[in-house]
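Accompanying notes for the structure given below.
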Amino acid sequence: MIEIYVSHLSPYSSKILAQLGHSEIPHRVIVQTIVNRFSVLKRLTGKTMVPMLRNGDLALNDSTRIARLILSQAGADEPTSPFLAWLIEDFADEWIVRWFARARWALPENRKSVESRIGEELFPRPLSSSGGKAAGKTIHDNLTRSGVLDRVESLDRSRDRTFAILEELFSDHLYVFGGTPTIGDFALYGFLWQFGNDPLGKAVLAGFPNTWRFVERVHAWTMGKGELSREIRPQAELRPLIGEILGTYWRVLTANASLKPGEVVDVVLLDGTSMKVKSSRWANNCFEALLSEAAASKSMKGRYCNDELLDQALAVAIAESR
764 MIEIYVSHLS PYSSKILAQL GHSEIPHRVI VQTIVNRFSV LKRLTGKTMV PMLRNGDLAL
824 NDSTRIARLI LSQAGADEPT SPFLAWLIED FADEWIVRWF ARARWALPEN RKSVESRIGE
884 ELFPRPLSSS GGKAAGKTIH DNLTRSGVLD RVESLDRSRD RTFAILEELF SDHLYVFGGT
944 PTIGDFALYG FLWQFGNDPL GKAVLAGFPN TWRFVERVHA WTMGKGELSR EIRPQAELRP
1004 LIGEILGTYW RVLTANASLK PGEVVDVVLL DGTSMKVKSS RWANNCFEAL LSEAAASKSM
1064 KGRYCNDELL DQALAVAIAE SR
């Protein structure tokens, strides 16, 4: 049986737990502790990252690789435009995480709550309080040094636009593509669920009831009790969301692809604001994976998606990235 090691404070763990519940693949959930982080996670993968999937001799700790494995084993039907689903997944995993991390770790009320929960998850009592504070300080200091906790206006604006887009998107359909969740839904859910369970995030999401109902619908899949329907969303309705992705995250990926190691460049986003981008090998890996997914979609279906205008916009964006 598949074993999945998780943290209840990890958006990537939340994403995979919901996907596994939807897949109906038998699995055993194991919550990380200070002991198994090193006796199992570090020993098998060289890292203490969660989620980690273990299946016999196989051990994976990247949520996208885990998601692909689950899809292959579940034999689930792909959405009519798989490239869009993976594009949304990567947008959540690599772009939404930027403003999410700042909200969680730069705001004292959120940080205090998370430290308490980390301590309870990792350490036995009476070490949970002091252990959680120590773990939280380490995370906070690392994020501060890397610049993740710096306030970036362009990220704040993208966050606000994304919430408005999602609120409209989930006003009349269960999921991104209609009545069945895809990897894009699970990735969005992971971050929105975690954000909504932090004290200040909960207050923000109270102003987006359609979005929170979507989050709760996907959360139900962690218990295998999610909702389905036969509805199919017209992909023209995805234009605002894909436009946000192409005007922000995609521009950053495109700029990063041309940078030399250590190089920094200002990237102008769709609203005219700019943000500094430092060369990243990981971002290049993500970009290459998306371009491969796009090429596969084009080869198999002759298009990137079913909506003509979206397909044209994606073709232009992909051509400009070469």
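Numbering (our numbering), first residue to last: 764 to 1085. Glycine included, every Cβ here is placed at the ideal spot set by N, Cα and C. All of these numbers come straight from a predicted model, not from anything done at the bench.
(1) Does the beta-carbon distance from residue 826 to residue 779 come in below 8 Å?
(2) State the Cα-Cα distance for the pair residue 891 and residue 879, rounded to the nearest angstrom.
(3) Using CA atoms only, rank isn't needed, just tell me which of 990, 1056 and 1044 is closest to residue 846.
(4) Only counting runs of 3 or more residues, tell me where the beta strand (DSSP E) segments fall wholly within the region 982-1040, in order along the chain.
(5) Can you check DSSP and say which residues form a bridge with residue 941?
(6) According to the Cβ coordinates, are residue 1021 and residue 1030 closer than 8 Å?
(7) Go ahead and label residue 828 buried or exposed: buried means 16 or more other beta carbons lie within 10 angstroms of its beta carbon, across all protein chains shown.
(8) Can you tell me whether DSSP reads residue 768 as helix, strand or coil?
(9) Per the contact definition of three or more C-beta pairs closer than 8 Å, is the region 959-971 in contact with the region 991-1009?
(10) Which runs of the alpha helix (DSSP H) at least 4 residues long sit entirely within the region 796-843? Give them in chain order.
(11) Kindly list the residues whose CB is nearer than 6 Å to the CB of residue 809, restricted to its own chain and excluding five residues on each side of it in sequence; keep chain order.
(12) DSSP three-state label for residue 922, please.
(13) By the three-class DSSP mapping on this structure, what secondary structure does residue 851 have?
(14) Taking DSSP as the reference, what is the three-state secondary structure of residue 1079?
(15) State the DSSP-derived secondary structure class of residue 967, mapped to helix, strand or coil.
(16) Quick one: Cα of residue 782 to Cα of residue 850, how far?
(17) To the nearest angstrom, how far is the alpha carbon of residue 896 from that of residue 953?
(18) Would DSSP call residue 794 helix, strand or coil?
(19) Rounded to whole angstroms, what is the Cα-Cα separation between residue 930 and residue 805?
(20) What number of angstroms, rounded off, separates the C-alpha of residue 1097 from the C-alpha of residue 856?
(21) Closest to residue 978 by C-alpha separation, out of 937, 1025 and 837, would be which residue?
(22) With H, G and I counted as helix, E and B as strand and the rest as coil, what does DSSP make of residue 787?
(23) Let me make sure I understand the geometry here. Which of 764, 786 and 861 has the alpha-carbon closest to that of residue 945?
(24) Give a yes or no on whether the C-beta atoms belonging to residue 993 and residue 942 are separated by under 8 Å.
(25) If we count the other Cβ atoms within 10 Å of its Cβ and call it buried at 16 or more, is residue 998 buried or exposed?
(26) From which residue to which residue does the alpha helix (DSSP H) around residue 1066 run?
(27) Identify which residue in 1010, 1019, 776 and 1063 has its Cα closest to the Cα of residue 1077.
(28) Going by DSSP in three states, residue 951 sits in which element: helix, strand or coil?
(29) So within the region 858-924, which uninterrupted alpha helix (DSSP H) runs reach at least 4 residues, ignoring any that extend past its ends?
(30) Roughly how far, in whole angstroms, is the beta-carbon of residue 1027 from the beta-carbon of residue 1015, given that I think they are within contact range, below 8 Å?
Reading it off the structure:
(1) Locating residue 826 in the sequence shown gives position 63, where the first residue counts as 1. Locating residue 779 in the sequence shown gives position 16, where the first residue counts as 1. Going by beta carbons, residue 826 and residue 779 fall inside the 8 Å limit.
(2) Taking the sequence shown and counting its residues from 1, one reaches residue 891 at position 128. Taking the sequence shown and counting its residues from 1, one reaches residue 879 at position 116. Answer to the nearest angstrom: the Cα atoms are 8 Å apart.
(3) Counted from its first residue, the sequence shown places residue 846 at position 83. The residue with the shortest Cα to Cα distance from residue 846 is 1056.
(4) 1027-1031, all fully within the region 982-1040.
(5) As a first step, residue 941 must be located in the sequence shown, where it is residue number 178. In the DSSP output, where bridge partners are listed per residue, residue 941 has 938 and 995.
(6) Residue mapping note: residue 1021 aligns to position 258 of the sequence shown, counting from 1. Residue mapping note: residue 1030 aligns to position 267 of the sequence shown, counting from 1. In this structure, the beta-carbon distance from residue 1021 to residue 1030 does not fall below 8 Å.
(7) To locate residue 828, count along the sequence shown from 1; it is residue 65. With fewer than 16 neighbouring CB atoms inside 10 Å of its own CB, residue 828 falls in the exposed class.
(8) As a working note, residue 768 is residue 5 in the sequence shown. The three-state reading of DSSP puts residue 768 in strand, counting E and B together.
(9) Proximity of the region 991-1009 to the region 959-971 falls short of the contact definition, fewer than three beta-carbon pairs being nearer than 8 Å.
(10) Every unbroken stretch of the alpha helix (DSSP H) spanning 4 or more residues and falling wholly within the region 796-843 is given here in chain order: 826-837.
(11) Within the sequence shown, the letter at position 46 stands for residue 809. There are no such residues.
(12) For this step, residue 922 is matched to residue 159 along the sequence shown. Helix at residue 922.
(13) In the sequence shown, residue 851 corresponds to position 88, counting from 1. The three-state reading of DSSP puts residue 851 in helix, counting H, G and I together.
(14) Here residue 1079 is taken as the residue at index 316 of the sequence shown, counted from 1. Three-state DSSP puts residue 1079 in a helix.
(15) Residue 967 sits at position 204 when you count from the first residue of the sequence shown. Collapsing the DSSP output to three states places residue 967 in a helix.
(16) Within the sequence shown, numbered from 1, the residue matching residue 782 stands at position 19. Within the sequence shown, numbered from 1, the residue matching residue 850 stands at position 87. Taking the straight line from one Cα to the other gives about 17 Å.
(17) The residue you call residue 896 lines up with position 133 of the sequence shown. The residue you call residue 953 lines up with position 190 of the sequence shown. Going by the C-alpha atoms only, they are around 24 Å apart.
(18) For this step, residue 794 is matched to residue 31 along the sequence shown. Reduced to three states, the DSSP call for residue 794 is strand.
(19) Here residue 930 corresponds to residue number 167 of the sequence shown, with the count starting at 1. Here residue 805 corresponds to residue number 42 of the sequence shown, with the count starting at 1. It is roughly 40 Å from the alpha-carbon of residue 930 to the alpha-carbon of residue 805.
(20) For the chain, the structure presents residues 764 to 1085; residue 1097 sits outside this window and is missing.
(21) Residue numbering aside, residue 978 sits at position 215 when the sequence shown is read from its first letter. Check the Cα spacing between residue 978 and each of 937, 1025 and 837: the tightest is with 937.
(22) For the purposes of this step, residue 787 is taken as residue 24 along the sequence shown, with counting starting at 1. In the structure shown, residue 787 sits in coil (DSSP, three-state: anything other than H, G, I, E or B).
(23) For the purposes of this step, residue 945 is identified with residue 182 of the sequence shown, where counting begins at 1. For the residues 764, 786 and 861, the minimum Cα distance to residue 945 belongs to 786.
(24) Counting from 1 along the sequence shown, the entry for residue 993 is found at position 230. Counting from 1 along the sequence shown, the entry for residue 942 is found at position 179. Their beta carbons are under 8 Å apart, which means residue 993 touches residue 942 by this criterion.
(25) Indexing the sequence shown from 1 puts residue 998 at position 235. It counts as buried.
(26) In the sequence shown, the residue the question calls residue 1066 occupies position 303. Residue 1066: not part of any alpha helix (DSSP H); DSSP gives it neither H nor E.
(27) Residue numbering aside, residue 1077 sits at position 314 when the sequence shown is read from its first letter. Taking only the C-alpha atoms, the option nearest residue 1077 is 1010.
(28) One-based indexing of the sequence shown puts residue 951 at position 188. Helix at residue 951.
(29) Within the region 858-924, the complete alpha helix (DSSP H) segments of 4 residues or longer fall at 860-869, 871-885 and 891-909, listed in chain order.
(30) For the purposes of this step, residue 1027 is identified with residue 264 of the sequence shown, where counting begins at 1. For the purposes of this step, residue 1015 is identified with residue 252 of the sequence shown, where counting begins at 1. Between the beta-carbon of residue 1027 and that of residue 1015 there is about 12 Å, and that puts the pair past the 8 Å contact cut.
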